[in-house]
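A short worksheet on the structure shown next.
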Amino acid sequence: MKKIMFLVAACAAMVACNNGKTTANNEGADSTVQDSVAAGDSAVYEGLTPAADVAGIKYRVALAKDSTNGFSVSESYMKSDSEADTVYNYTGTYQVVEKDVKGKKNTYYQFELGKDNKTNFLVVNDSTLRLVNSDFEEPAVNTKDMNYDLKLK
3 MKKIMFLVAA CAAMVACNNG KTTANNEGAD STVQDSVAAG DSAVYEGLTP
53 AADVAGIKYR VALAKDSTNG FSVSESYMKS DSEADTVYNY TGTYQVVEKD
103 VKGKKNTYYQ FELGKDNKTN FLVVNDSTLR LVNSDFEEPA VNTKDMNYDL
153 KLK
């Protein structure tokens, strides 16, 4: 009887942790990187970017503040301003890219979010990252209604 109760409790705990959301993780993530980012010694950026088929994509990017260049990224595809439809989580090591774009030298962070899916963020300043395209170009429109910036929390 105790074994059955334990099994039921374990199953309930697993179901409760998922909250009905779909998640996908970057395969082969380094456990040291995950521990470093999860330990709280990270810079966290958040923001809601425009999207074509949903209310927006809410990004939460945590960058390790050590030499591992570890990251944790959560992409939430939003049904509304407060309700997520699908959530994808990724961890790994980000690349720092120095690149001249349109005659200006910039620093970018590049994250591999799944197989063959590299996402780039321009380091605007110490408190802002901006989502850019695969050619490291900024959005043509970056206004209050079409904002691609993530802010430091």
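In terms of my numbering, the sequence shown opens at residue 3 and continues consecutively.
Using N, Cα and C, we set each Cβ at its ideal position, and we do this for glycine too.
As the structure is a computational prediction, the values presented were derived from the model and not from experiment.
Nearest-angstrom Cβ-Cβ length linking residue i and residue j, presumed shorter than 8 Å
i    : j   : result
Y92  : V75 : 5 Å
D87  : V56 : 6 Å
S44  : A66 : 5 Å
L152 : E48 : 6 Å
T95  : N71 : 5 Å
Counterpart residues of residue i in DSSP-defined beta bridges
i    : result
V143 : Bridge partners of V143: none, in fact.
F113 : T121
K155 : Note: K155 sits in no beta bridge, so no partner.
G94  : F73
V126 : Bridge partners of V126: none, in fact.
D102 : K107
Exposure label - residue i; buried when at least 16 CB within 10 Å
i    : result
K60  : buried
N127 : exposed
V39  : Caution is warranted here: a pLDDT of 49 is assigned to V39, below 50, making its placement in the model unreliable, and the coordinate value is therefore given only provisionally. With 16 or more other Cβ atoms within 10 Å, it is buried.
T145 : exposed
N122 : buried
Closest by C-alpha distance to residue i, when choosing among the options
i    : options                : result
T130 : L154, G105, P52, V46   : L154
L133 : E114, Y110, D147, K146 : Y110
D137 : M148, Q112, V143       : Q112
Any non-hydrogen atom of the ligand FMN closer than 7 Å to residue i Cβ
i   : result
G58 : By its list of ligands, the structure shown contains no ligand whatsoever, and the ligand FMN lies outside what it can speak to.
Next item on the list: Would you list, in sequence order, the uninterrupted alpha helix (DSSP H) runs of no fewer than 4 residues that lie entirely inside the stretch 35-83?
Entry: none
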